[in-house]
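In order, the protein sequences belong to chains A and B.
Be aware that the first sequence starts at 1, since it is given in this note's numbering, and climbs by one per residue.
Be aware that the second sequence starts at 275, since it is given in this note's numbering, and climbs by one per residue.
To start, the structure itself, in structure tokens.
Number of protein chains: 2
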Amino acid sequence: MNFIAKLELAQQKNNSLLCVGLDPVMERLPPLCRHEKEPFLSFNRALIAATADLVCAYKPQIAHYAACGAEAELLATIRYIKENYPDIPVILDAKRGDIGSTAEKYALEAFERYQADAVTVNPYLGGDSLEPFLRYAEKGVVILCRTSNPGGADLQGLMVEGEALYLKLARLAAGVWNKNGNILLVVGATWPEELARVREIVGNIPLLVPGVGAQGGDVAAVLDAGLDPRGLGLVINSSRGIIYASSGDDFAVAARQAALDLRDEINRHRHKLS
Amino acid sequence: MNFIAKLELAQQKNNSLLCVGLDPVMERLPPLCRHEKEPFLSFNRALIAATADLVCAYKPQIAHYAACGAEAELLATIRYIKENYPDIPVILDAKRGDIGSTAEKYALEAFERYQADAVTVNPYLGGDSLEPFLRYAEKGVVILCRTSNPGGADLQGLMVEGEALYLKLARLAAGVWNKNGNILLVVGATWPEELARVREIVGNIPLLVPGVGAQGGDVAAVLDAGLDPRGLGLVINSSRGIIYASSGDDFAVAARQAALDLRDEINRHRHKLS
């Protein structure tokens with residue numbers, strides 16, 4: 001089963017387009033976890049156990065682990081998901097990009113070492129730089145298209161032959177690059193108009209949408225702009241709004257409530273639109 | 275002392291524009307190293323000891339370590355350089371790029387955890403995504419501009435307001451983004467004409483040039499196109515052509531000879547041009 005099929009099954013099973021970002025930061029961990037031997041792993045396990053019936057994917061962001069040498073805890077987190085919730089796909093958020101044999105090493109890192117189901121990648125180096133990822137046909141390759149930050153427009157918004165660069169990128173990604181049908185795109189929740197333009201170009205390709213919650217993206221506008229004709233095609237990520245819903249030792253209960261609220265808010269708007 | 279000053283001192287001291295890429299691959303290691311407890315570290319130490327008077331920088335590519343969980347050997351390699359050859363700067367080739375607090379984590383990874391003197395970054399996410407790196411004023415931030423692979427042109431070569439995207443990027447990097455004077459750019463050796471256009475735009479900003487040797491870039495053409503008016507401003511990287519000059523246990527001697535030959539070839543053309 002390829003990544004997109006696995007993702008859509010999880011979306012159906014849990015009636016959810018919600019993805020939870022697992023981005024632990026030592027200073028923000030609840031006291032209960034901070035004093036554990038593997039603080040990030042304890043935190044993540046509790047969050048996962050509290051939300052696994054409410055999400056369609058988990059998205060650990062690798063820099064949070066790499067900054068402090070916690071690769072083993074990232075590995076153990078992904079292993080924990082695969083052992084306990086094998087239906088929930090894991091998107092490794094790494095935004096990798098390099099050429100030739102080096103890109104092959106990054107693909108090994110994501111898909112073999114960490115056993116991620118999908119990885120985020122940066123397209124600036126072009127189609128041949130993505131090929132070492134794309135050739136893992138059963139894995140998902142989530143290409144940055146229009147990011148949620150204001151500076152995203154510096155390059156992505158430049159006009160190329162009458163349209164913005166990120167739209168040109170969307171055409172490449174939905175067209176010649178997508179031979180294995182395993183591409184997804186990242187479009188920030190902060191730009192619903194641009195999300196709508198990407199959706200027009202890419203058909204049913206799923207869009208990973210960060211930026212709701214802490215970054216200010218509006219759920220109703222995202223759904224209105226981004227759902228595909230089937231009422232699917234979105235993976236809406238929230239990290240801080242869920243995992244730090246409480247800074248106390250009730251963090252898991254608070255995270256479950258925040259995930260439930262956001263999943264249901266998404267579903268209310270989905271059903272209005274369908 | 276900031277990164278560029280440190281780099282230029284090393285270039286003067288060793289009369290060299292050569293950077294050696296430390297990209298170990300288990301299958302290509304000489305038998306002598308393959309059976310060591312820390313194979314990559316043994317390989318790198320021998321290479322560094324054999325070439326430290328011939329180079330202006332070392333550039334370990336992080337995917338080679340991350341693919342197989344060898345972060346500790348990367349750390350130890352950088353520590354070995356800093357303890358034994360403190361004048362030689364280390365460029366961590368990681369091509370990182372993300373936004374906000376995540377970019378801060380990647381900067382911590384490169385500059386605090388690994389203690390690199392510089393890191394390569396990907397500009398697709400725009401100026402604000404680079405700021406967490408750039409604010410380390412004493413560190414170098416090496417931004418991808420025009421990469422050496424054929425597919426590099428897919429995005430980088432698109433025409434924006436009458437010029438290619440990579441030239442627009444060069445203007446941003448040499449201008450508004452370079453408040454701390456710590457930016458360098460990557461331009462592949464395979465595109466000497468494009469290297470010349472970047473040089474026209476960026477003044478004396480140093481250019482990191484991969485792609486000589488294994489990827490086919492021509493040394494004379496690179497120097498002709500890329501030297502700044504002072505006869506400096508280039509960091510010419512070779513990885514495989516040097517570190518795998520021999521596949522036998524004479525690898526260090528062979529690497530020294532290959533580094534000497536390439537340094538001297540670069541210098542012959544430099545002096546012809548000056």
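Even for Gly, the Cβ is constructed at its ideal location relative to N, Cα and C.
Here the structure is a predicted model, which means the values were calculated and not measured.
Local conformation of residue i per DSSP, three classes
| i | result |
| --- | --- |
| residue 116 (chain A) | coil |
| residue 201 (chain A) | helix |
| residue 536 (chain B) | helix |
| residue 107 (chain A) | helix |
| residue 541 (chain B) | helix |
| residue 281 (chain A) | For residue 281 (chain A) there is no data in the structure shown, the boundaries of chain A being 1 and 274. |
| residue 574 (chain B) | Not covered by the structure: residue 574 (chain B). The range shown for chain B is 275 to 548. |
| residue 303 (chain B) | coil |
| residue 526 (chain B) | helix |
| residue 470 (chain B) | helix |
According to DSSP, residues forming a beta bridge with residue i
| i | result |
| --- | --- |
| residue 21 (chain A) | A:59 |
| residue 481 (chain B) | B:459, B:508 |
Minimum Cβ-Cβ distance from residue i to chain D less than 8 angstroms
| i | result |
| --- | --- |
| residue 80 (chain A) | Included in the structure are the protein chains A and B, with no chain D among them. |
Cβ-heavy atom distance, residue i to the ligand SAM, below 7 angstroms
| i | result |
| --- | --- |
| residue 547 (chain B) | Of the ligands one can find in the structure shown there are none, so the ligand SAM has no counterpart to examine. |
Secondary structure, alpha helix (DSSP H): runs of 4+ residues fully inside the segment 307-375 of chain B: Counting only runs of 4 or more, we get 313-325, 337-340, 345-358.
Every unbroken beta strand (DSSP E) within the segment 209-241 of chain A, with a cutoff of 3 residues, ordered by chain: 234-238
Is it the case that the segment 287-297 of chain B contacts the segment 324-333 of chain B, given that we only count it when at least three CB pairs across the two stretches are under 8 angstroms? yes
Unbroken beta strand (DSSP E) runs of length 3 or more, entirely within the segment 121-176 of chain A: which are they? 140-146
Check each residue of the segment 368-388 of chain B: if its Cβ is closer than 7 angstroms to any Cβ of chain A, include it; give the result in chain order. 369, 371, 372, 373, 374, 376, 379, 380, 382, 383, 387
Whether or not the segment 528-547 of chain B and the segment 333-341 of chain B are in contact is what I'm after, with contact meaning three or more pairs of Cβ atoms, one per stretch, closer than 8 angstroms; do they touch? Contact fails: fewer than three Cβ-Cβ distances are below 8 angstroms.
Residues from the segment 134-145 of chain A in contact with chain B, defined by Cβ distance under 8 angstroms: Legend: CB atoms of the segment 134-145 of chain A lying less than 8 angstroms from CB atoms of chain B belong to residues 144.
The segment 418-437 of chain B: positions lying closer than 8 angstroms to chain A by Cβ: 418, 421, 422, 423, 424, 425, 426, 427, 428, 429, 430, 432, 433, 434, 435
Check each residue of the segment 167-187 of chain A: if its Cβ is closer than 8 angstroms to any Cβ of chain B, include it; give the result in chain order. 168, 169, 172
Decide yes or no for the touch test of the segment 384-393 of chain B against the segment 85-95 of chain A: beta carbon pairs closer than 8 angstroms, at least 3 of them. no
Taking 8 angstroms as the cut-off, does the segment 452-464 of chain B touch the segment 147-155 of chain A (at least 3 CB pairs, one atom from each stretch)? Cβ pair count under 8 angstroms is below three, so no.
If you pair each beta-carbon of the segment 32-48 of chain A with each one of the segment 73-84 of chain A, do three or more pairs fall below 8 angstroms? The segment 32-48 of chain A is in contact with the segment 73-84 of chain A.
Does the count of Cβ pairs from the segment 482-499 of chain B and the segment 519-527 of chain B closer than 8 angstroms reach three? Fewer than three Cβ pairs drawn from the segment 482-499 of chain B and the segment 519-527 of chain B lie within less than 8 angstroms of each other, which leaves the two stretches out of contact.
Near-chain A residues of the segment 393-406 of chain B (beta-carbon distance less than 7 angstroms), N- to C-terminal order: 396, 397, 398, 399, 400, 401, 402, 403
What are the residues in the segment 52-65 of chain A lying within 8 angstroms of chain B by C-beta distance? 61, 63, 64
The segment 395-409 of chain B touching the segment 155-175 of chain A, judged by at least three CB pairs closer than 8 angstroms: Contact holds between the segment 395-409 of chain B and the segment 155-175 of chain A, because three or more Cβ pairs, one in each stretch, are under 8 angstroms apart.
Residues from the segment 295-329 of chain B in contact with chain A, defined by Cβ distance under 7 angstroms: none
With three or more C-beta pairs closer than 8 angstroms as the rule, is the segment 379-389 of chain B touching the segment 435-443 of chain B? no
With three or more beta-carbon pairs closer than 8 angstroms as the criterion, would you say the segment 193-212 of chain A touches the segment 23-32 of chain A? No: fewer than three Cβ pairs fall under 8 angstroms.
Chain-ordered residues of the segment 341-366 of chain B with a beta carbon less than 9 angstroms from chain A: Contact residues of the segment 341-366 of chain B toward chain A are 341, 342, 343, 345, 346, 349 (C-beta to C-beta distance below 9 angstroms).
Using a Cβ cut-off of 7 angstroms, which residues of the segment 518-534 of chain B contact any Cβ in chain A, in chain order? none
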